[in-house]
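Colleague: Sending over a structure as structure tokens; questions will come in a sec.
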Ligand code: DI6
Ligand code: FE
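In the working numbering, the protein residues as written are 1015 to 1443.
Okay, here's the thing in structure tokens:
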């Protein structure tokens, strides 16, 4: 493994939305562009104003960008910065006691029906301020950054009431000012019915459609709208109402679909032109065909599958055959996926769901960018896209999927600025 030399100067200090404006040429990189694979003979990449200005040979780029700082990557593997496209990372409280109940034989559904689950996190979330919510999320965010993540989706959904939902979305936006990464926010509108809500779940859906969604849209705090379509949550009809309103307000939609039962959520998501349908353990052939027709991305969440000890894996073979793009995300949440590692999610997707290592890499880059509607800007190394890179201390791309806990990141680059990997080794013996 290479050691850094004096040609690599100290990483630029950046916080939040700063971008590197000084041109940089990264040389001696093994580029995994995620568009055409490694480009033969092209081992250099130029970043200008935070964007990829050119990909080519070292002499050519040095000639084209004579004032650029040269950064010798000494043969390291370079991928697009990773994208975690489904998280519930902003929340209060702790649900470890629920794990003990589940280990003693209770099911996730029965704990939820008894007032635990999402409702217990909602109560703990409501007690925190915006800055406390952001602070509580930061250790989890830092763990994802140490995995090479440069774009993160953050859902609300533990607020339930409008005021707390807005607070969670503000906390999510604040995180983007505290750490160098891009954040996409999602209003998880229909997650669980607040206790004693007048009119029950239909009354709550009515409230979401008539009051909450317009207020969220007006706030500009949400990039998309999500819902939880499940027997313990909301029906297909209720979700359809929420999505119709969201789309009328020009907010893209996505759905927690068919995780615990076949609610035909994937078909609903496709029918509504959703960016993604997520989970999909129980999705049937009709749902897959509908997703393929609509171009809806399948977001696989193997952390939740693992933590819930589910038996039925998503229909990966059929999704693959139908040409549905498959993304992988951490689903970082306190109830079903208390996991702050996207590399671990890739490993689980390979081991538990049978994805190839190439599919795993596409799942956290290109397909994840598509699931967030940001593929034109991120998800692959192409001229014009944001210069978001993950630079790795590994020989083979497959090594990123193969091991657990090995911390292979050398450095992240976000919008052209080099950032140290939190806590990671920068050299080897
Ligand atoms: N996403 C969710 O919203 C639910 N499951 C999932 O994967 C519930 C999360 C929770 O129990 O807090
Ligand atoms: Fe989720």
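Beta carbons: idealized from backbone N, C-alpha and C, even for Gly.
Looking only at its chain, what residues have a beta carbon closer than 7 Å to the beta carbon of residue 1184, apart from the 5 residues adjacent to it on each side?
Modeller: Residue 1184 sits at position 170 when you count from the first residue of the chain shown. Correct list, in chain order: 1144 and 1235.
Colleague: Let me know if residue 1059 comes out buried or exposed under the rule of 16 or more other beta-carbons within 10 Å of its beta-carbon.
Modeller: On the chain shown, residue 1059 is found 45 positions in, with the first residue counted as 1. The residue is buried, with at least 16 neighbouring Cβ atoms inside 10 Å.
Colleague: Since residue 1424 and residue 1090 should fall inside the 8 Å C-beta cutoff, what is the C-beta to C-beta distance between them, to a whole number of angstroms?
Modeller: Your numbering for residue 1424 matches position 410 in the chain shown. Your numbering for residue 1090 matches position 76 in the chain shown. That belief holds up - the Cβ atoms of residue 1424 and residue 1090 are roughly 6 Å apart, short of 8 Å.
Colleague: Tell me which residues share the same chain as residue 1415 and place their Cβ nearer than 7 Å to its Cβ, disregarding the 5 neighbours each side in the sequence.
Modeller: The residue you call residue 1415 lines up with position 401 of the chain shown. 1360, 1361, 1364, 1371 and 1374, listed in sequence order.
Colleague: Roughly how many whole angstroms lie between the Cα atoms of residue 1213 and residue 1396?
Modeller: Along the chain shown, read from residue 1 onward, the residue named residue 1213 stands at position 199. Along the chain shown, read from residue 1 onward, the residue named residue 1396 stands at position 382. If I take the Cα positions, the gap works out to 51 Å.
Colleague: Pull up the distance between the alpha-carbon of residue 1201 and that of residue 1428, whole angstroms please.
Modeller: Within the chain shown, residue 1201 is the residue found at index 187, counting from 1. Within the chain shown, residue 1428 is the residue found at index 414, counting from 1. Near 25 Å, if we compare the C-alpha coordinates of residue 1428 and residue 1201.
Colleague: Alpha carbon to alpha carbon, how far is residue 1278 from residue 1268? Give it in angstroms, no decimals.
Modeller: Here residue 1268 refers to the residue found at position 254 of the chain shown. Here residue 1278 refers to the residue found at position 264 of the chain shown. Whole-angstrom Cα-Cα distance: 14 Å.
Colleague: Count the CB pairs spanning the segment 1208 to 1227 and the segment 1160 to 1167 that are closer than 8 Å, and state whether there are at least three.
Modeller: With a cut-off of 8 Å, the segment 1160 to 1167 and the segment 1208 to 1227 do not count as touching, because too few Cβ pairs lie within range.
Colleague: How far does the beta strand (DSSP E) with residue 1424 in it reach, from first residue to last?
Modeller: Numbered from 1 along the chain shown, position 410 holds the residue referred to as residue 1424. Run containing residue 1424: 1423 to 1428, per the beta strand (DSSP E) assignment.
Colleague: With a threshold of 8 Å, are at least 3 pairs of Cβ atoms found where one atom belongs to the segment 1332 to 1344 and the other to the segment 1117 to 1136?
Modeller: Judged by Cβ distances under 8 Å, the segment 1332 to 1344 makes no contact with the segment 1117 to 1136, as fewer than three pairs qualify.
Colleague: Check whether the Cβ atoms of residue 1290 and residue 1203 lie closer than 8 Å to each other.
Modeller: Position 276 of the chain shown, counted from the first residue, corresponds to residue 1290. Position 189 of the chain shown, counted from the first residue, corresponds to residue 1203. No.
Colleague: Once you ignore the five residues that flank residue 1076 on each side, which residues in its own chain have a CB closer than 6 Å to its CB?
Modeller: As a first step, residue 1076 must be located in the chain shown, where it is residue number 62. Answer for residue 1076: no residue qualifies.
Colleague: The alpha helix (DSSP H) with residue 1199 in it runs from where to where?
Modeller: Start at 1 with the first residue of the chain shown, and residue 1199 comes out as number 185. Counting along the chain, residue 1199 falls outside any alpha helix (DSSP H), though it belongs to the beta strand (DSSP E) covering 1196 to 1204.
Colleague: Is it buried or exposed, residue 1080, if we count other Cβ atoms within 10 angstroms and call 16 or more buried?
Modeller: Numbered from 1 along the chain shown, position 66 holds the residue referred to as residue 1080. Its Cβ having fewer than 16 others within 10 Å, residue 1080 is exposed.
Colleague: Take residue 1327 and list the residues in its own chain whose beta-carbon comes closer than 8 Å to its own, dropping the five residues that flank it on each side.
Modeller: Residue numbering aside, residue 1327 sits at position 313 when the chain shown is read from its first letter. Closer than 8 Å at the Cβ level, and outside the excluded window around residue 1327, lie 1295, 1319, 1366, 1367 and 1368.
Colleague: Tell me which residues share the same chain as residue 1196 and place their Cβ nearer than 6 Å to its Cβ, disregarding the 5 neighbours each side in the sequence.
Modeller: The residue labelled residue 1196 in the question sits at position 182 within the chain shown. Excluding positions up to five away in sequence, the list reads 1165.
Colleague: Where do the ends of the beta strand (DSSP E) carrying residue 1302 lie?
Modeller: Here residue 1302 refers to the residue found at position 288 of the chain shown. It is not in any beta strand (DSSP E) - residue 1302 instead sits in the alpha helix (DSSP H) that spans 1299 to 1308.
Colleague: Label residue 1128 either buried or exposed according to how many other C-beta atoms from any shown protein chain fall within 10 Å of its C-beta, with 16 as the threshold for buried.
Modeller: Start at 1 with the first residue of the chain shown, and residue 1128 comes out as number 114. By the 10 Å Cβ count, residue 1128 comes out exposed.
Colleague: CA-CA distance, residue 1098 and residue 1404?
Modeller: Translated into the one-based positions of the chain shown, residue 1098 becomes position 84. Translated into the one-based positions of the chain shown, residue 1404 becomes position 390. Those two C-alpha atoms are separated by around 13 Å.
Colleague: Over the uninterrupted beta strand (DSSP E) stretch that includes residue 1087, give me the two end residues.
Modeller: Here residue 1087 refers to the residue found at position 73 when the chain shown is read from its first residue. Counting along the chain, the beta strand (DSSP E) containing residue 1087 begins and ends at 1083 to 1094.
Colleague: Hey, would you say the C-beta of residue 1171 is under 7 Å away from at least one heavy atom of the ligand DI6?
Modeller: Looking up residue 1171 in the chain shown gives position 157. Yes, the ligand DI6 has a heavy atom inside 7 Å of this Cβ.
Colleague: Helix, strand or coil for residue 1432? Go by DSSP, reduced to three states.
Modeller: For the purposes of this step, residue 1432 is taken as the residue at position 418 of the chain shown. In the structure shown, residue 1432 sits in a strand (DSSP, three-state: E or B).
Colleague: According to the neighbour-count rule (16 or more other Cβ atoms, all chains shown, within 10 Å of its Cβ), is residue 1443 buried or exposed?
Modeller: Here residue 1443 is taken as the residue at index 429 of the chain shown, counted from 1. Confidence is the limiting factor: at residue 1443 the pLDDT is only 40, short of 50, which leaves the residue's position unreliable and the question unanswerable from this model.
Colleague: Is it the case that the segment 1348 to 1355 contacts the segment 1098 to 1110, given that we only count it when at least three CB pairs across the two stretches are under 8 Å?
Modeller: Segments in contact, yes.
Colleague: With a threshold of 16 other CB atoms inside 10 Å of the CB of residue 1272, please say whether the residue is buried or exposed.
Modeller: Position 258 of the chain shown, counted from the first residue, corresponds to residue 1272. That one is buried.
Colleague: Shorter than 7 Å, the distance from the beta carbon of residue 1318 to the closest heavy atom of the ligand DI6, or not?
Modeller: Here the question's residue 1318 lines up with position 304 in the chain shown. Yes; taking the cut-off as 7 Å, the Cβ of residue 1318 has a heavy atom of the ligand DI6 nearer than that.
Colleague: Is it the case that the CB of residue 1252 approaches a heavy atom of the ligand DI6 more closely than 7 Å?
Modeller: Counting from one through the chain shown, the residue named residue 1252 turns up at place 238. No, Cβ of residue 1252 sits at least 7 Å from all heavy atoms of the ligand DI6.
Colleague: In angstroms, rounded to a whole number, what distance separates the CA positions of residue 1242 and residue 1265?
Modeller: Taking the first residue of the chain shown as 1, we reach residue 1242 at position 228. Taking the first residue of the chain shown as 1, we reach residue 1265 at position 251. Their Cα atoms are separated by approximately 17 Å.
Colleague: Any heavy atom of the ligand DI6 closer than 7 Å to the CB of residue 1326?
Modeller: As a first step, residue 1326 must be located in the chain shown, where it is residue number 312. Every heavy atom of the ligand DI6 is 7 Å or more from the Cβ of residue 1326, so no.
Colleague: In the DSSP assignment, what residue or residues form a beta bridge with residue 966?
Modeller: Outside the shown range of the chain, which is 1015 to 1443, sits residue 966, and nothing can be said about it.
Colleague: Any heavy atom of the ligand DI6 closer than 7 Å to the CB of residue 1315?
Modeller: Walking along the chain shown from the start, residue 1315 turns up at place 301. Within the cutoff, so yes.
Colleague: Any residues whose CB sits closer than 6 Å to a heavy atom of the ligand FE? List them in chain order?
Modeller: Answer in sequence order: 1100, 1102, 1270, 1345 and 1347.
Colleague: Between 1078, 1392 and 1406, which lies nearest to residue 1048 when the distance is taken from Cα to Cα?
Modeller: For the purposes of this step, residue 1048 is taken as residue 34 along the chain shown, with counting starting at 1. That would be 1392, whose Cα lies nearest to the Cα of residue 1048.
Colleague: Looking at residue 1222 and the ligand SAH, is the gap between the Cβ and the nearest heavy atom below 7 Å?
Modeller: Of the ligands one can find in the structure shown, namely the ligand DI6 and the ligand FE, none is the ligand SAH.
Colleague: For residue 1069, I'd like the list of residues in its chain whose CB is within less than 6 Å of its CB, leaving aside the five on either flank, ordered along the chain.
Modeller: Stepping through the chain shown from its first residue, residue 1069 is reached at position 55. Excluding sequence neighbours, residue 1069 sits near 1056 and 1059.
Colleague: Using the beta-carbon count (16 or more within 10 Å), is residue 1131 buried or exposed?
Modeller: The sequence position of residue 1131 within the chain shown is 117, counting from 1. With 16 or more Cβ atoms within 10 Å of its Cβ, residue 1131 is classed as buried.
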